[in-house]
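Peer 1: The opening residue of the sequence shown carries number 1 in my numbering; numbering runs sequentially from there.
Every residue gets a Cβ at the ideal spot worked out from N, C-alpha and C, and that includes glycine.
Below is the structure I would like to discuss, written out as structure tokens.
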Amino acid sequence: MISEALNVSFTRVGPGSDAGEVLRRYWQPAALVDELAGNRPVVPVRLLGEELVLFRDAEGKLGLIGRHCPHRGADMCFGRLEDNGLRCPFHGWHFNRNGQCVEQPAEPEGSRSHEMIRTKSYPVIEKSGIIFAYMGPGTPPAFPDFDCFRAPDTHVFAFKGLWECNWLQAMEVGIDPAHASFLHRFLQDEDPAASYGKQFRDTAADTEIPMTQLLRDYPRPEIRVEETEYGLRLLALRHMGDGKTHVRVTNQIFPEAICIPMSREMTITQWHVPVDDETCYWYSIFTSFGAPVDKALMREQRLREHTLPDYAPVKNKRNSYGYNPEEQGSITYTGMGLDINVHDQWAVESMGRIQDRTEEHLGKSDIGIIRYRKMLRQAIEAVKQGDTTALPMMQDALNHIQGPVSTDAIAKDGAWERAWLESDADRRTRCSWDASLSLDAGGAA
Ligand code: FES
Ligand SMILES: [Fe+2]
């Protein structure tokens, strides 16, 4: 457990807050590119507790500016998208994509007072189906050469979903390798061939064993955590008792992302992005090392579970996540259906909007969470001291930070340390795009 003061420091995200200032040193997912696909590319964005509006102008360029007009506060989401910018419908003040007011048509002829008016604006960039924003001071950091950013558009797919809880408890479920053996337990195994686009439904490594069976049969993973240049690498070892070990390699990418294997073909890179202190979005990039991603199928699967425009899950606390006690008895551990996202959503939302960590009792299996909080604490301190060079991924060039390797492998006991690297290298060799790693890739410290 931690003190109330530390819990506040870790969880609050507004301007000037401890964790908020750390998060502001990194690019943050602000919207899906899909959200700007309609006739009028203007969407509200609430990010780190700030109210913004994102738009694409007539030149196809993006702007992310304050949601409330600096004149008298009207909502710019209803603005007129014209003249390469956004015009407030109240009195016609016009803003370009950098937030500069360029016209005040109700002011006297020849007035130049618009030159003094500038609304908040943040740099934005499109990457792999996500529009990222930088809300911090100074020059934004570089992007690492992660697989999800290197893969061609045909091999990535992005989606998001709303969770009604603080970002940290959402992220912490992703660095807790033990929970998969319980929360995501399936009491029966489905045909892995029918598993496209779903997690934990493939067979394990190069075996006939369904992942669902492996997770169920070996619920006490030995968890090792290594610090890396990008965050943490977690190794979950399931000793199978027949001279074999299953190793699952997942990653924490500082400050709020994870990178995990989804199937033998795909990985998931997932950010847990604060909307405000009590709400967050998960943004995922699914990256394929095999065939091009079937985006239509991936989108359709996920749109069935979410309502637009908020990407709010159909199953939620107001309908008890579809909880069915009969199902809990015979099919799933949770009784909440086969979509593992719903399981995670229930786990993190049911803690309350901001988990009271003064009441928690961490165990040995929570080693990833313990190590992560130490990193976050150090980063908060470094930002307070004004020394951001100590934060992960703050160098000028990050193209040596690749991967991160996220994979499942099965090896003879004692040989697992090489096995996961070999199984990953094999996948990269066969990959149709350049997924090769430089020697120091993975960034082990
Ligand atoms: S409130 Fe926007 S122009 Fe007046
Ligand atoms: Fe999970």
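Do you know whose CA, among Arg150, Glu256, Leu297 and Asn166, lies nearest Thr287's CA?
Peer 2: Here residue 287 refers to the residue found at position 287 when the sequence shown is read from its first residue. Here the closest residue by C-alpha is Arg150.
Peer 1: Go through its chain and collect everything with a Cβ distance to Glu164's Cβ below 8 Å, but skip five positions before and after it.
Peer 2: To locate residue 164, count along the sequence shown from 1; it is residue 164. Taken in chain order, the residues that qualify are Glu278, Thr279, Asn316, Lys317, Glu349 and Arg353.
Peer 1: Taking the C-alpha atoms as reference points, what is the distance between Val156 and Ala435?
Peer 2: Reading the sequence shown from its first residue, position 156 is the one you call residue 156. Reading the sequence shown from its first residue, position 435 is the one you call residue 435. Cα-Cα distance, rounded: 13 Å.
Peer 1: For Val247, report the span of its alpha helix (DSSP H) as first-last.
Peer 2: If you number the sequence shown from 1, residue 247 lands on position 247. Counting along the chain, Val247 falls outside any alpha helix (DSSP H), though it belongs to the beta strand (DSSP E) covering Lys244 to Ile253.
Peer 1: Using a Cβ distance threshold of 8 Å, determine whether the segment 366 to 375 contacts the segment 175 to 182, with at least three qualifying pairs required.
Peer 2: The segment 366 to 375 vs the segment 175 to 182: in contact.
Peer 1: Taking only the alpha-carbon atoms, compute the straight-line gap between Ala445 and Thr228 and give it to the nearest angstrom.
Peer 2: The count along the sequence shown starts at 1 and reaches residue 445 at position 445. The count along the sequence shown starts at 1 and reaches residue 228 at position 228. Bear in mind that a pLDDT of 33 at Ala445, under 50, signals an unreliable position, so the number given afterwards is only what the model happens to contain. Distance between the alpha carbons of Ala445 and Thr228: 5 Å.
Peer 1: Going by the beta-carbon positions, is the gap between Val247 and Leu234 smaller than 7 Å?
Peer 2: In the sequence shown, residue 247 corresponds to position 247, counting from 1. In the sequence shown, residue 234 corresponds to position 234, counting from 1. Against a cut-off of 7 Å, the Cβ pair of Leu234 and Val247 comes out as no contact.
Peer 1: Can you say whether Gly20 is buried or exposed, counting buried as having 16 or more other CB atoms within 10 angstroms of its CB?
Peer 2: Position 20 of the sequence shown, counted from the first residue, corresponds to residue 20. With 16 or more other Cβ atoms within 10 Å, it is buried.
Peer 1: If I measure Cβ to Cβ from Arg302 and keep anything under 7 Å in the same chain, skipping five residues before and after, which residues do I get?
Peer 2: Stepping through the sequence shown from its first residue, residue 302 is reached at position 302. Closer than 7 Å at Cβ, skipping near neighbours: Phe159.
Peer 1: Within this structure, are the beta carbons of Leu183 and Ala347 separated by less than 7 Å?
Peer 2: Locating residue 183 in the sequence shown gives position 183, where the first residue counts as 1. Locating residue 347 in the sequence shown gives position 347, where the first residue counts as 1. Cβ atoms of Leu183 and Ala347: closer than 7 Å.
Peer 1: Three-state secondary structure (DSSP) at Gly136?
Peer 2: In the sequence shown, the residue the question calls residue 136 occupies position 136. Reduced to three states, the DSSP call for Gly136 is coil.
Peer 1: Suppose the cutoff is 8 Å on Cβ atoms and the five residues either side in sequence are ignored; what does the same chain contact list for Gln28 look like?
Peer 2: Indexing the sequence shown from 1 puts residue 28 at position 28. So the qualifying residues of the chain are Leu47, Leu48, Phe132, Ala133, Tyr134, Met135, Trp271 and Val273.
Peer 1: Would you give the residue range spanned by the beta strand (DSSP E) that Gln385 belongs to?
Peer 2: In the sequence shown, residue 385 corresponds to position 385, counting from 1. Run containing Gln385: none; DSSP gives neither H nor E here.
Peer 1: Based on the DSSP output, what are the partners of Ala257 in its beta bridges?
Peer 2: Position 257 of the sequence shown, counting from 1, holds the residue named residue 257. Beta-bridge pairing links Ala257 to Ile253 and Trp271.
Peer 1: Which residue comes first and which comes last in the beta strand (DSSP E) that contains Thr429?
Peer 2: Start at 1 with the first residue of the sequence shown, and residue 429 comes out as number 429. Where Thr429 is concerned, there is no enclosing beta strand (DSSP E), although the alpha helix (DSSP H) it sits in stretches over Trp416 to Arg430.
Peer 1: Within a Cβ cutoff of 6 Å, which residues of the same chain sit near Asp153, ignoring the five residues on either side of it in sequence?
Peer 2: Counted from its first residue, the sequence shown places residue 153 at position 153. Counting only Cβ-Cβ distances below 6 Å, and skipping sequence neighbours, we find nothing.
Peer 1: Quick check on this structure: which residue in Glu82, Ser121, Gly110 and Arg40 has the alpha carbon closest to the alpha carbon of Leu70?
Peer 2: Working through the sequence shown from its first residue, we reach residue 70 at position 70. At residue 70 the sequence reads Pro, which differs from the Leu that was named. Checked all of Glu82, Ser121, Gly110 and Arg40; the closest Cα to Pro70 is Ser121.
Peer 1: To the nearest angstrom, report how far apart Val43 and Gly99 are at their CA atoms.
Peer 2: Residue numbering aside, residue 43 sits at position 43 when the sequence shown is read from its first letter. Residue numbering aside, residue 99 sits at position 99 when the sequence shown is read from its first letter. Going from the Cα of Val43 to the Cα of Gly99 covers about 16 Å.
Peer 1: To which residues of the same chain is Leu421 closer than 8 Å at the C-beta, ignoring the five residues directly before and after it?
Peer 2: Taking the first residue of the sequence shown as position 1, residue 421 is located at position 421. Cβ neighbours of Leu421 beyond the five flanking positions: Val405.
Peer 1: Is Arg233 helix, strand or coil by DSSP?
Peer 2: Taking the first residue of the sequence shown as position 1, residue 233 is located at position 233. Looking at Arg233 - three-state DSSP - the assignment turns out to be strand.
Peer 1: What does Arg87 pair with, by DSSP beta-bridge criteria?
Peer 2: In the sequence shown, residue 87 corresponds to position 87, counting from 1. Answer by DSSP bridge pairing, in chain order: Arg80 and His94.
Peer 1: Using the beta carbon as the reference atom, which residues fall closer than 7 Å to any heavy atom of ligand 1, ordered along the chain?
Peer 2: With the cut-off at 7 Å, the residues found are Cys69, His71, Arg72, Gly73, Ala74, Cys88, Phe90, His91, Gly92 and Trp93.
Peer 1: Would you mind stating whether Thr388 and Arg25 have Cβ atoms separated by less than 7 Å?
Peer 2: Residue 388 sits at position 388 when you count from the first residue of the sequence shown. Residue 25 sits at position 25 when you count from the first residue of the sequence shown. Their beta carbons are under 7 Å apart, which means Thr388 touches Arg25 by this criterion.
Peer 1: For Ser111, count neighbouring C-beta atoms within 10 Å of its own C-beta (all shown protein chains included) and say buried if the count is 16 or more, exposed if not.
Peer 2: As a position in the sequence shown, residue 111 is number 111, starting the count at 1. Exposed.
Peer 1: Determine the burial state of Leu187: buried for a count of at least 16 other Cβ atoms within 10 Å of its Cβ, exposed for fewer.
Peer 2: Locating residue 187 in the sequence shown gives position 187, where the first residue counts as 1. Counting Cβ neighbours within 10 Å, Leu187 comes out exposed, since fewer than 16 surround it.
Peer 1: I need the DSSP call for Val173, collapsed to helix, strand or coil.
Peer 2: Within the sequence shown, the letter at position 173 stands for residue 173. Val173 falls in the helix class under three-state DSSP.
Peer 1: Is Arg264 helix, strand or coil when you go by DSSP?
Peer 2: Taking the first residue of the sequence shown as position 1, residue 264 is located at position 264. Coil.
Peer 1: So, at 6 Å on beta carbons, what are the nonlocal neighbours of Thr407 in its own chain, with the 5 sequence-adjacent residues on each side left out?
Peer 2: Counting from one through the sequence shown, the residue named residue 407 turns up at place 407. Excluding residues within five positions, the ones whose Cβ falls inside 6 Å are Val249, Pro261, Trp420, Ser423 and Asp424.
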